Amino acid sequence: MPGAAYQLQLRPTTLDDAAMVADLEALRDPLAPPDPELLRHWWRMADALEKAMRRIAVHDGAAIAYVSASHKLWNGDQTRYGTVRLGLRGDVWTDAGFAHLVEVGESWLRQESAQVAVARMRGDFGRDLAALQKLGYRENRRMRLSELDLVAGRERILDAREQSRRRMRRQGVEMRVLSDVDDPEKYRKLYELIIESERDIPTTVPWRELSFAEWKEFWLSTPTIREDKFWIAREGERVVGTSVLDTPIERGLPSTAFTGTSRAVRGRGIARALKYESMGQAIEDGHTRVRTNNDADNPPILAINEEMGYRPVAPLIELHRKLE
Ligand SMILES: CC(C)(COP(=O)(O)OP(=O)(O)OC[C@H]1O[C@@H](n2cnc3c(N)ncnc32)[C@H](O)[C@@H]1OP(=O)(O)O)[C@@H](O)C(=O)NCCC(=O)NCCS
């Protein structure tokens, strides 16, 4: 057992530390442990497309504490938001140790001239949430982490997929996985659709729109995103919708990475049809559960998920604190 947590010996991470940090996070949700390969990818992408700092404390070959701070490349006169991520193992958890991790993240953000620190914490992680509130963090938004049981819902989901397929056929909308689409412009069309629909996801912290090259690198090099699990809807030559399932490599649960439709086609059942294709495929691939995480202020996607049978796991709370 290490000493007091505030004496944590934090050191900068290497990419190899992602496995230990994934293990630290897995202790909090053993039924859905993060995939180490995916975490490593996110670290690489944060270094390539954003600015980031990460520190870890290790004891007996395992991570006992972790803090990262990162921010998107700010432009113009937007508020400069930065994000802190925190992990402190239960057996070494103290208020002082947790506050120290927050301070390490915030002081890096201050050096970067960030104006607001953002932390996202599950609502059922009461101790960490209370500690953040004590440090001045206040709720700004809420997301809903929810889960679909593909075993209990199997027949219902496969039936609904059939109904959706019929509805799409009547409308002349074709649904396929990206790997089966024979159009040399498919990536650019998908990029344009995703950029357009991402703008409509409710958020306080603004997105930085990726260039086509950055988007391609970010999405298509993600080890858990595969073109044969990447559903797209086409109307004629146009790509009008997508839903993509993140499929873990080493461990963890599949989860929907993104669903979006172009503004011109909304309300015609296209997102629902894509999600049913994606879930039907997950059932056929032998998955038993899938997760999704959506903003609580996004009624259309919540309506689809509820109808599909998703059940809440926990709220995910986004908290903000102004940095002096
Ligand atoms: C969310 C989104 C994908 C839905 O796409 P869509 O093609 O319009 O979805 P569908 O037509 O299949 O279904 C939408 C359902 O939500 C319902 N809905 C829409 N607005 C609603 C509201 N304010 N309250 C309740 N239900 C609502 C619709 O009535 C429809 O249900 P119905 O067919 O039973 O009438 C689309 O709005 C979008 O791209 N948004 C931006 C990206 C995003 O937020 N993605 C989700 C998070 S990754």
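FYI, in the numbering used here the residues of the sequence shown are -6 to 317. For every residue, glycine included, the Cβ atom is placed at its ideal position computed from N, Cα and C. Fair warning: this is a prediction, and the values are worked out from it, not measured in the lab.
Excluding its 5 nearest sequence neighbours in each direction, N133 has C-beta neighbours in its own chain below 7 Å: T197, E311, L312, H313, listed in chain order.
The shortest CA-to-CA distance from R73 to any of S106, R135, L81 is the one to S106. For F223, the enclosing beta strand (DSSP E) starts and ends at 218 to 228. Contact holds between the stretch 264 to 272 and the stretch 231 to 246, because three or more Cβ pairs, one in each stretch, are under 8 Å apart. By the neighbour-count criterion, in which 16 or more other beta carbons inside 10 Å mark a residue as buried, A41 falls on the exposed side.
Under the 10 Å beta carbon count, A250 is surrounded by 16 or more other beta carbons and is classified as buried. Taking 9 Å as the cut-off, the Cβ atoms of R137 and P305 count as close. Q126 and A153 have their alpha carbons spaced roughly 43 Å apart.
Judged by beta-carbon spacing, V77 lies beyond the 9 Å limit of G54, meaning their Cβ atoms are not closer than that value. Bounds of the alpha helix (DSSP H) holding R265 are 263 to 277. Bounds of the alpha helix (DSSP H) holding N298 are 292 to 301.
Under the DSSP assignment, L1 falls outside any beta strand (DSSP E); it carries neither an H nor an E label. When Cβ pairs closer than 8 Å are counted between the two stretches, the stretch 202 to 222 is seen to touch the stretch 161 to 175, the count reaching three or more.
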